[in-house]
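To keep things clear, I will list the structure first and then write my remarks on it.
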Amino acid sequence: MDDQVFIIDFGLARQRREKSRPTGACPILGTDAYRPISNYGRVEYQPKDDIESWFYMCHEFFNGALPWDKLPHSSTLDFKIHCRKLGRDLLLSNMPDTFDEILKSIDSSKTKVDYFQISALLKAALANLSQEQLAEPFSWKKDPTIVHRAAKIEQGRVIPGI
1 MDDQVFIIDF GLARQRREKS RPTGACPILG TDAYRPISNY GRVEYQPKDD
51 IESWFYMCHE FFNGALPWDK LPHSSTLDFK IHCRKLGRDL LLSNMPDTFD
101 EILKSIDSSK TKVDYFQISA LLKAALANLS QEQLAEPFSW KKDPTIVHRA
151 AKIEQGRVIP GI
């Protein structure tokens, strides 16, 4: 349990129903950095958008930043579109090869997600890692400042984010 990372963003949460009716234009959801391209057009949020946001988080885990992090807000959408087409290598840098297939799956889907395919691709990526790579601690476990702050948080002496 100590080496698990939980990603929770309730800003993106929406109640799902078996047969939901389209609600028309939807509000802007979540953090702009992880916002799916379709939501810029204020299109109804779909399950595939969750996977697109997750993909951006994975890119950030592998690279430390997203390609558009330092761009002005007004340029983010255009650069995301560029990264999905001609600049695809920017989104796939330092990521396992299987993430190219995951991105293709996201791009080819209109609404539904093939979770089994994505799961199989992730398992394939893990299978290609060496035991040394799997045993390597997360970068934040090596940073003494972060380790010290985490210990204080666990002891209840620091409120996260303050």
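Residue 49 in full-length UniProt numbering is what sits at position 49 of the sequence shown, and the numbering runs on without skipping anything. Just so it is clear, CB atoms sit at the ideal spot from N, CA and C, and this is done for glycine as well. These figures come from a predicted structure and were not determined experimentally.
Spatial distance of residue i from residue j (CA atoms)
i, j, result
"M1", "K142", "Caution applies to M1, whose pLDDT of 48 falls short of 50 and renders its modelled position unreliable; the model cannot decide the point."
"F79", "W68", "7 Å"
"A127", "K48", "25 Å"
"T145", "E60", "20 Å"
"K123", "E132", "17 Å"
"A33", "W54", "11 Å"
"H148", "V113", "40 Å"
"L134", "I153", "26 Å"
Distance cut-off 6 Å: residue i Cβ against heavy atoms of the ligand SAH
i, result
"S139", "Of ligands this structure carries none, so the ligand SAH is not represented either."
Pick from the options that is closest to residue i, judged by C-alpha positions
i, options, result
"N94", "H82, Q117, A120 and L66", "L66"
"I37", "K85, F62, G64 and V147", "K85"
"P96", "L134, L129, D50 and V43", "L129"
"D50", "G64, T31, F62 and N63", "T31"
Beta-carbon proximity of residue i to residue j, cut-off 7 Å
i, j, result
"E101", "L121", "yes"
"L77", "Y40", "yes"
"E52", "I106", "yes"
"L111", "Q46", "It is Thr, not Leu, that sits at residue 111 in the sequence shown. A contact, by the Cβ cut-off of 7 Å."
"F99", "L90", "no"
Endpoints, the alpha helix (DSSP H) within which residue i is located
i, result
"T111", "Run containing T111: none; DSSP gives neither H nor E here."
"D50", "P47 to N63"
"F79", "T76 to R84"
"I89", "A small correction: the amino acid at residue 89 is Asp; Ile does not occupy that position in the sequence shown. Here the alpha helix (DSSP H) through D89 covers R88 to L92."
"Y34", "Careful: Y34 lies outside any alpha helix (DSSP H) and carries neither H nor E."
"Q155", "It is not in any alpha helix (DSSP H) - Q155 carries neither H nor E in the DSSP assignment."
"S119", "Y115 to A127"
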